[in-house]
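Chains as they are written, first to last, in this note's numbering: chain G, 15 to 319; chain A, 1237 to 1494.
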């Protein structure tokens, strides 16, 4: 059974805002990336998983239990980092960690103490109000992880962290993943998702536009090569070959060829008959994939919001 | 239907303001009672001074206290605290940390509601005890029964007022709206009640008494042990219970923009 399941979730805030027929499942021990720009509906979806919002249509489930009306049960194993962190007032960092852990019945704060070390959050004894953005983010991370929950719902967890600390956080996520945690990671940061997630869904204007396995991005069964010819006119000659061209640029005397791994030898044989200036591989990154969906496709909703 | 952990924090966040208002009320009552005591003393020293003069002065001072200070000071505490307990935390977004925990909605709303109503009861329990202690120590000519009823009535009145502020805090997601309604209505009641006193100037002013809950806390009726007091108290209690229950029910079903 899926640990987190979102089924045909619709929440219409009007004016094209909201989420529309969003569905996905996250299995036990899986790390799922939720990618999309601001206002795409990531946080709205998460609100339903935590039981803050009532769906117009569809449902969110945690381990088979519908969330709405049962958040006191479904939130039991959840650790949550809100997209925008506003801590309760008048608390010192360590008191906040203790207080929030108490709701989950956690007495042991070893994990929190360890995380204070890892994230280098000094003076957690200080007043939360006076903390910088980065410190608050670190504290938010610790609060979510402190009671050692089985499920982590992380809404842009590393925003406000410096690049080094982002790497530290990525390592932390890998550790949690190795410990068998189920993680929903909503993020803008491609490298973070690339390094940790097994599956990714891209959400745009409230709809999931594509879902894929990270392996297909990292290790696709085909590769794309850019070939620049040394001898003029070669681009015309190769255009006659039976190849999957992504681009043929005669002006620059250059082509981009998509080739399946099993056909690579044939391509090399073919290219040996040409005078070549250089060959380079164009690596497909998550970012390219993301941009493809964001720039190419016109929106369904006429670009509201 | 209650969360100890949440209550601890709520208590910590709000006890100072409560203490300030409670002490303020107690001190004011003491000062007024001391004044009544010295007035009664002078009256009895006067040759031919009537027996009832001391009691009359004491009652006037009690009416003054319970229609002004005991009305207004707790009102400020109530509207600010009621907003802080829920709406302000939704507005700020800080409630997300609590709502992401395995708590029922009712647990959150009822814990906060119990704090608000309980703090009002506690506030006037302190005031009542201070008053009783003074009466006991000085023998001030105040009927204990009437004094207790005045306090019971003001508690019921403030429970009704706090019910309105609490309901507004449960319903609205913005502090501004919660305060507009949760403070606006009680303040309107207070002003309407003041205006209704001017019925001798224009008849229409008299109708304002129907637009105010304050009219239901009638110190003259209470001091005279009038039977009106019973239905007045019952209505205040019903308003309080209705508003708190409506707040809890609304909060259970609402969308939280956290």
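Note that the Cβ used here is the ideal one computed from N, Cα and C, for glycine as well.
In this text, all values refer to a predicted model and were calculated from it rather than measured experimentally.
Close beta carbons around residue i, own chain, < 7 Å, minus the five adjacent residues each side
| i | result |
| --- | --- |
| residue 292 of chain G | 242 |
| residue 141 of chain G | 106 |
| residue 184 of chain G | 206, 209 and 210 |
| residue 1241 of chain A | none |
| residue 40 of chain G | 16, 17, 18, 46, 196 and 198 |
| residue 95 of chain G | 154, 155, 158, 168, 169 and 171 |
| residue 1302 of chain A | 1386, 1390 and 1455 |
| residue 1398 of chain A | 1314, 1318, 1352, 1353 and 1356 |
| residue 261 of chain G | 269 and 270 |
| residue 69 of chain G | 23, 24, 25, 62 and 82 |
Residue i at chain A interface by Cβ criterion, 7 Å
| i | result |
| --- | --- |
| residue 161 of chain G | no |
| residue 94 of chain G | yes |
| residue 104 of chain G | yes |
| residue 89 of chain G | yes |
| residue 86 of chain G | yes |
| residue 100 of chain G | yes |
| residue 317 of chain G | With a pLDDT of 37 at residue 317 of chain G, under the threshold of 50, the modelled position of that residue is not reliable, and the figure given next carries that caveat. So no, residue 317 of chain G is outside the interface. |
| residue 313 of chain G | Caution is warranted here: a pLDDT of 46 is assigned to residue 313 of chain G, below 50, making its placement in the model unreliable, and no coordinate value can be reported. |
Boundaries of the alpha helix (DSSP H) in which residue i is found, first to last residue
| i | result |
| --- | --- |
| residue 3 of chain G | For residue 3 of chain G there is no data in the structure shown, the boundaries of chain G being 15 and 319. |
| residue 1402 of chain A | 1380-1407 |
| residue 182 of chain G | 177-192 |
| residue 199 of chain G | Here residue 199 of chain G belongs to no alpha helix (DSSP H); instead the beta strand (DSSP E) covers 196-201. |
| residue 251 of chain G | 248-253 |
| residue 1278 of chain A | 1240-1281 |
| residue 1455 of chain A | 1455-1459 |
| residue 154 of chain G | 147-159 |
| residue 1433 of chain A | Premise fails: residue 1433 of chain A is in no alpha helix (DSSP H) and is neither H nor E. |
| residue 1316 of chain A | 1306-1321 |
| residue 1333 of chain A | 1331-1335 |
| residue 126 of chain G | 124-132 |
| residue 305 of chain G | 300-305 |
| residue 279 of chain G | 278-285 |
Sequence-distant residues of its chain with Cβ nearer than 6 Å to residue i (five each side left out)
| i | result |
| --- | --- |
| residue 1571 of chain A | The requested residue 1571 of chain A does not occur in the structure, where chain A is confined to residues 1237 to 1494. |
| residue 264 of chain G | 249 |
| residue 268 of chain G | 242 |
| residue 73 of chain G | 21 and 80 |
| residue 1447 of chain A | 1428 |
| residue 162 of chain G | 125 |
| residue 1419 of chain A | 1315 |
Span of the beta strand (DSSP E) around residue i
| i | result |
| --- | --- |
| residue 81 of chain G | First-last for residue 81 of chain G: undefined, no H or E at that position. |
| residue 166 of chain G | 165-169 |
| residue 237 of chain G | 236-243 |
| residue 1345 of chain A | Run containing residue 1345 of chain A: none in the beta strand (DSSP E); it sits in the alpha helix (DSSP H), 1341-1374. |
| residue 49 of chain G | 45-49 |
| residue 218 of chain G | 213-218 |
Residues bridged to residue i (per DSSP)
| i | result |
| --- | --- |
| residue 32 of chain G | G/26 |
| residue 90 of chain G | BP columns for residue 90 of chain G are empty, so no partner. |
| residue 258 of chain G | G/272 |
| residue 74 of chain G | G/20 |
| residue 55 of chain G | For residue 55 of chain G, which the question treats as bridged, DSSP gives no partner whatsoever. |
| residue 1490 of chain A | Answer is none; residue 1490 of chain A lacks a bridge partner. |
| residue 295 of chain G | G/239 |
| residue 141 of chain G | G/106 |
| residue 263 of chain G | G/268 |
| residue 38 of chain G | G/20 |
| residue 95 of chain G | G/168 |
Cβ neighbours of residue i in the same chain (closer than 8 Å, five flanking residues each side left out)
| i | result |
| --- | --- |
| residue 8 of chain G | With chain G represented from 15 up to 319, any question about residue 8 of chain G goes unanswered, as that position is not in the structure. |
| residue 1293 of chain A | 1272, 1275, 1276 and 1279 |
| residue 246 of chain G | 267 |
| residue 225 of chain G | 38, 213, 214, 215 and 216 |
| residue 1377 of chain A | 1276, 1290, 1291 and 1294 |
| residue 228 of chain G | 47, 207, 208, 211, 212, 213, 214 and 300 |
| residue 111 of chain G | 123, 126, 138, 153, 156, 157 and 160 |
CB contact check: residue i to chain G, cutoff 7 Å
| i | result |
| --- | --- |
| residue 1246 of chain A | no |
| residue 1332 of chain A | yes |
| residue 1492 of chain A | yes |
| residue 1451 of chain A | no |
| residue 1241 of chain A | yes |
| residue 1457 of chain A | no |
Proximity test, residue i beta-carbon vs the ligand ZN heavy atom, cut-off 6 Å
| i | result |
| --- | --- |
| residue 1381 of chain A | Because no ligand of any kind appears in the structure shown, any question about the ligand ZN cannot be addressed here. |
Test: residue i CB closer than 7 Å to a CB of chain C
| i | result |
| --- | --- |
| residue 1377 of chain A | Of the protein chains in this structure, namely G and A, none is chain C. |
Handout entry: the region 44-70 of chain G: positions lying closer than 9 Å to chain A by Cβ
Key = Of all residues in the region 44-70 of chain G, the ones placed with a Cβ closer than 9 Å to any Cβ belonging to chain A are 61, 64, 65, 66, 67 and 68, in chain order.
Handout entry: Contact set between the region 113-139 of chain G and chain A, restricted to residues whose Cβ is under 8 Å from the partner
Key = Within the region 113-139 of chain G, the qualifying residues are 113, 114, 116, 117 and 118.
Exercise for the section: Taking a Cβ distance cut-off of 8 Å, strictly less, list which residues of the region 1310-1330 of chain A are near chain G, in chain order. Expected result: Answer in chain order: 1325, 1328, 1329 and 1330.
Problem - Where the region 1393-1416 of chain A meets chain G: residues whose CB sits under 7 Å from a CB there - result: Residues of the region 1393-1416 of chain A whose Cβ lies closer than 7 Å to any Cβ of chain G: none.
Handout entry: Members of the region 1333-1365 of chain A that neighbour chain G once the beta carbon cut-off is set at 8 Å
Key = Within the region 1333-1365 of chain A, the qualifying residues are 1333, 1334, 1335, 1336, 1337, 1338, 1339, 1340, 1341 and 1343.
Exercise for the section: Quick one: which residues of the region 199-231 of chain G get their C-beta closer than 9 Å to a C-beta of chain A? List them in chain order. Expected result: The residues in question: there are none.
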